[in-house]
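What follows is a single structure, written as structure tokens, with notes after it.
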Amino acid sequence: MEARIVKLEDSSTAIRERLANIEARLDQTATKADLAALEARMQKGFADVIKWIIGITIVLTATSVTVMTFVLNNATPKAPPPALQPIVIYAQPSPSK
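Residue numbering for the sequence shown follows this note's numbering, beginning at 597 and increasing consecutively.
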């Protein structure tokens, strides 16, 4: 019986050490509130990324349309304006009396 008690006392110290290790780890473990806060931050981050992607897409589309319009308007040489016809004024003879 004494041997069993000694063995139990020895194992109780080992159990206390293991319990202390578990409690130390438990302080570092995330709680439901921590996970909820993390999820909220992730959702906000995803929304911000989507906003940036949409904004950049709009800006790139507008820029590409502007550049293409400029290039296509200036790519072909324009025909020179037609030469103006000279203005000819004929002096009318004055009526004689």
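Don't be surprised by glycine CBs; every beta carbon is placed ideally from N, CA and C.
These numbers come from a predicted model, not from an experiment.
Roughly how many whole angstroms lie between the Cα atoms of Ser607 and Thr627? Within the sequence shown, the letter at position 11 stands for residue 607. Within the sequence shown, the letter at position 31 stands for residue 627. Rounded to whole angstroms, Ser607 to Thr627 spans 31 Å at the Cα level.
Under a three-way DSSP split, which group does Ala616 fall into? Locating residue 616 in the sequence shown gives position 20, where the first residue counts as 1. Helix, per DSSP.
Between the alpha carbons of Pro677 and Val645, how many angstroms are there, rounded? The residue given as residue 677 occupies position 81 in the sequence shown. The residue given as residue 645 occupies position 49 in the sequence shown. About 52 Å.
Could you tell me the distance, in whole angstroms, from the CA atom of Trp648 to the CA atom of Leu680? Here residue 648 corresponds to residue number 52 of the sequence shown, with the count starting at 1. Here residue 680 corresponds to residue number 84 of the sequence shown, with the count starting at 1. One C-alpha to the other measures close to 55 Å.
Quick check: the Cα distance between Gln624 and Asn617, rounded to an integer number of angstroms? Residue 624 sits at position 28 when you count from the first residue of the sequence shown. Residue 617 sits at position 21 when you count from the first residue of the sequence shown. Rounded to whole angstroms, the gap between the alpha carbons of Gln624 and Asn617 is 11 Å.
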